[in-house]
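A.B. asks: Sharing a structure here in structure tokens format.
Protein chains in written order, with my numbering: chain E, 27 to 459; chain F, 4 to 334.
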């Protein structure tokens, strides 16, 4: 289900790093040897076998990250991102796999479109990419796509991301029929008549600034509807980019009732609140919008206790001229692949709000499990999917540093702590700082 | 709930501008307002002279950049600049390259190439003045950005109140109507709160934005509440901002019946203000609009002197201007 260009599998040894893999129960200073792209030995003094040695002393080695929510903008907006630039950005962010959303031009709603993307990925993608296909044709919310054929052609899941599936009857059919594919539906929960005209979270800040409000309930009523449909059809689903505490409460209640729902949250919703919009910076405009302190706290709680099991960047590249306009005229979306770990480390781990191990797990094992992908793990016999992190390094986020074709980061100018030093994806070193 | 108090809540505080601008009432201190009002009063006296023109801003260029229609704001800025001997240039979006799809950035850079000292901008979108401030070297005055701010309106309203009552501190002002879509309301709530007035918002629940109380005001849906105020400030029912089918109110007829400011809803002698343009017979009864207790014409006159004060203040009190003056003396 994941596709990348071929390359030689490497052999290398990382020495002396603190190896952290919570799923494997590892947190110790170890050497890791990789033979031909496969982890061959873990220990305190492993044979180097003449391999290239990377000195990991003072660094953390963890399973590489999986981003379940990326916009690669192909086909259609190659000026904003390409498979090559997006996967290079992902590699620099410590990712060994990413999943691309189908809201492109044309929409990935037919096997021919998907097939062409898969072929392109085999030529251009630096790291493995999975593609979600649309739930409805053209993401117009009227007719189902040929989901079985799309699954056979390699779709990793289905989503109308960017748009909700508005009609409850159609959503129910998608859940029913989607069962034949063995793939999950990933849902963008937004009730459009409640979010209509909204540019930011509805609250004291929108009241002061005058922006049309996009209230929390625009998300949570749809989350509750979709969870109710999933329960009735006994089907699993994945909830995209949750932002509101009401949504978190709904997912928690659903888990208690045994509904198989996974959920993701973005670094920006974990690090910022609607107060940040006071700057009127269009790089703080995204859908769903940044919400209140209480919402942010609820998202952090949900991340800690596992109600939300995945961190997703919702990396959404936009052309400079489209963002260099007043806030209301700007499109929704911000980039995130190259800053996700450092942002979370700086704003959640360093202040002691969320443990490092939790962040690492929610950026890797969590999203892989949500889509049934092979989990990156540090174990003998597993393919090498590794990220080497320097927790002491500080760096400044600058446009010139991005590999992404787009620069619409909410972190421009920020100083962050925690840096990706190297990324190994499927046994290939895809990034070295 | 997670303990998150150790974190920086707002990662990106607005940068301190190097040049001074007037983009939001939120940027003003009480001292700033008092200084501006005092300057406006001195200009009021100067306008009583036979020769109304002052040489103060001779050689300066004030550019009026109006992307939205305006009568009183654009004309009063133009006249204010002229009364101070500044050169003025007016740019209206319709019939310009904006019709051809030119971006705000390109328009700003193009007009900025003429080196205006001040750009007065009105735009339908929030934050446009801040962007123009970033893209040009001019001092920027916000003459209304979307539903956000209209700071010179708030200043002229403060001026009007001070002229009428001799004070602002302790006054009770009821602002009536469509607060949700009103930049005038937002600027005035902040300005009145800053100067110590009590503000009560009155209107249909669907037109009072959730959370607005955080600006330091009370809210009610009962029109009878206006009787308790010293001043009733009537907002225009902004029909052009009503999204189709949004159903903020079922009809203008019902709005007028319930929240229209009519003579019988006022106390005798109660002062009434309106930022204009008025919809007579909708939010304000024509009898109220034309009554002697209406301060609406005073507001228009106050608009001229407060805008003179703003232009003067930006060009003579700022660090840039001080430096320029010093160089002049050496020369």
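Beta carbons: idealized from backbone N, C-alpha and C, even for Gly.
(1) Identify each residue in the region 198-229 of chain E for which the Cβ-Cβ distance to at least one residue of chain F is less than 9 Å, and report them in chain order.
(2) Which two residues bound the contiguous alpha helix (DSSP H) that contains residue 58 of chain F?
(3) Go ahead and pull the three-state DSSP assignment for residue 203 of chain E.
(4) Contact criterion: CB-CB distance below 8 Å. Does residue 457 of chain E meet it with respect to chain F?
(5) At a CB distance below 8 Å, what residues from the region 319-347 of chain E approach chain F? Give them in sequence order.
(6) Suppose you measure from the CA of residue 177 of chain E to the CA of residue 321 of chain E; what does that come to, to the nearest Å?
(7) Whose C-beta lies closer than 8 Å to the C-beta of residue 49 of chain F among residues of the same chain, with five residues either side of it excluded?
(8) Taking contact to mean at least 3 C-beta pairs separated by less than 8 Å, is the region 79-95 of chain F in contact with the region 296-311 of chain F?
(9) Residue 126 of chain E CB to nearest chain F CB: under 8 Å?
(10) Are the beta-carbon atoms of residue 137 of chain E and residue 169 of chain E separated by less than 8 Å?
(11) On a CA-only basis, which of E/214, E/121, E/76, E/234 is nearest residue 387 of chain E? Give me that one, please.
(12) Count the other CB atoms, across all protein chains shown, that sit within 10 Å of the CB of residue 140 of chain F; report buried if there are 16 or more and exposed otherwise.
(13) Could you work out which residues of chain F lie near residue 236 of chain E, taking near to mean beta carbons separated by less than 7 Å?
(14) Got a sec: is the Cβ-Cβ distance from residue 217 of chain F to anything in chain E below 8 Å?
(15) Tell me whether residue 41 of chain E sits in a helix, a strand or coil according to DSSP, three-state version.
(16) Specify the secondary structure class of residue 393 of chain E as computed by DSSP and reduced to three states.
(17) Consider the Cβ of residue 293 of chain E: report whether some Cβ of chain F lies at a distance smaller than 8 Å.
(18) Let me see if you follow: with CB-CB separation under 8 Å, is residue 100 of chain F close to chain E or not?
(19) If we cut at 8 Å on Cβ distances, does residue 355 of chain E have a partner in chain F?
(20) What is the rounded straight-line gap between the Cα of residue 318 of chain E and the Cα of residue 210 of chain F?
(21) Between the alpha carbons of residue 6 of chain E and residue 403 of chain E, how many angstroms are there, rounded?
(22) Contact criterion: CB-CB distance below 8 Å. Does residue 352 of chain E meet it with respect to chain F?
(23) At which residues does the alpha helix (DSSP H) containing residue 108 of chain F begin and terminate?
(24) Return the residue from the list E/233, E/240, E/134, E/396 that minimises the CA-CA distance to residue 6 of chain E.
(25) If you run the structure through DSSP and keep just helix, strand and coil, what is residue 418 of chain E?
(26) Within the 8 Å Cβ cut-off, does residue 154 of chain F reach chain E?
(27) Could you check whether the region 141-152 of chain E touches the region 226-240 of chain E, counting it as contact only if at least three pairs of C-beta atoms, one from each stretch, sit closer than 8 Å?
(28) Within a Cβ cutoff of 8 Å, which residues of the same chain sit near residue 418 of chain E, ignoring the five residues on either side of it in sequence?
(29) Could you say if the region 391-411 of chain E and the region 347-356 of chain E meet the contact criterion of at least three C-beta pairs nearer than 8 Å?
(30) Looking at the C-beta of residue 106 of chain F, does it have a partner C-beta in chain E at a distance below 8 Å?
(31) Keeping to the same chain, check which residues put their C-beta closer than 7 Å to that of residue 310 of chain F; ignore five residues upstream and five downstream.
(32) Just to confirm my understanding: we take residue 195 of chain F, look at its own chain, exclude 5 residues before and 5 after, and list those with CB closer than 6 Å. What are they?
(33) Compare the C-beta of residue 253 of chain F against all C-beta atoms of chain E and say whether one is closer than 8 Å.
(34) With burial defined as no fewer than 16 other Cβ atoms inside 10 Å of the residue's Cβ, what is the status of residue 46 of chain E: buried or exposed?
(35) Would residue 367 of chain E pass as a contact of residue 311 of chain E if the rule is Cβ separation under 8 Å?
(36) Can we say the region 105-113 of chain F touches the region 57-66 of chain F, given the rule of at least three CB pairs closer than 8 Å?
C.D. replies: So, from the listed chains and residues:
(1) Cβ contacts with chain F come from 222, 223, 225, 228, 229.
(2) According to the DSSP assignment, residue 58 of chain F belongs to no alpha helix (DSSP H), since it is labelled neither H nor E.
(3) Assignment of residue 203 of chain E by DSSP, reduced to helix, strand and coil, places it in the helix class.
(4) For residue 457 of chain E, the answer is no, since every Cβ of chain F falls outside 8 Å of its Cβ.
(5) Within the region 319-347 of chain E, the qualifying residues are 319, 320, 322, 323, 324, 326, 327, 330, 347.
(6) Rounded to the nearest whole angstrom, the CA to CA distance from residue 177 of chain E to residue 321 of chain E is 35 Å.
(7) Once the five neighbours on either side are set aside, the close Cβ partners of residue 49 of chain F are 55, 57.
(8) At 8 Å Cβ cutoff, the stretches touch.
(9) So no, residue 126 of chain E is outside the interface.
(10) Contact flag unset, no.
(11) The option with the nearest alpha carbon to residue 387 of chain E is E/121.
(12) So residue 140 of chain F ends up on the exposed side.
(13) Those within 7 Å of residue 236 of chain E in chain F are 129, 149, 150, 151, 186, 189.
(14) So yes, residue 217 of chain F belongs to the interface.
(15) DSSP places residue 41 of chain E within a strand segment (E or B) once states are collapsed to three.
(16) Helix at residue 393 of chain E.
(17) Chain F, which has no Cβ nearer than 8 Å to the Cβ of residue 293 of chain E, makes this no.
(18) So no, residue 100 of chain F is outside the interface.
(19) Residue 355 of chain E counts as touching chain F.
(20) Those two C-alpha atoms are separated by around 22 Å.
(21) Lying outside 27 to 459, the shown extent of chain E, residue 6 of chain E is not represented and no answer is given.
(22) True, the Cβ-Cβ gap to chain F drops below 8 Å.
(23) Its alpha helix (DSSP H) spans residues 107-115.
(24) Residue 6 of chain E lies beyond the stretch modelled for chain E, which goes from 27 to 459, so this question has no answer here.
(25) In the displayed model, residue 418 of chain E falls within a strand according to three-state DSSP.
(26) Cβ-Cβ to chain E under 8 Å: no for residue 154 of chain F.
(27) Counting Cβ pairs under 8 Å, fewer than three are found: no touch.
(28) Excluding residues within five positions, the ones whose Cβ falls inside 8 Å are 84, 443.
(29) No, because fewer than three Cβ pairs between the region 391-411 of chain E and the region 347-356 of chain E fall closer than 8 Å, the two stretches do not touch.
(30) Among the residues facing chain E, residue 106 of chain F is included, as its CB has a counterpart in that chain under 8 Å away.
(31) Excluding positions up to five away in sequence, the list reads 79, 80, 83, 155.
(32) Excluding sequence neighbours, residue 195 of chain F sits near 176, 202.
(33) By this cut-off, residue 253 of chain F is not an interface position.
(34) Buried is the call here.
(35) Residue 311 of chain E sits away from residue 367 of chain E, with the two beta carbons spaced by 8 Å or more.
(36) Three or more Cβ pairs closer than 8 Å define a contact, and the region 105-113 of chain F falls short of that threshold against the region 57-66 of chain F.
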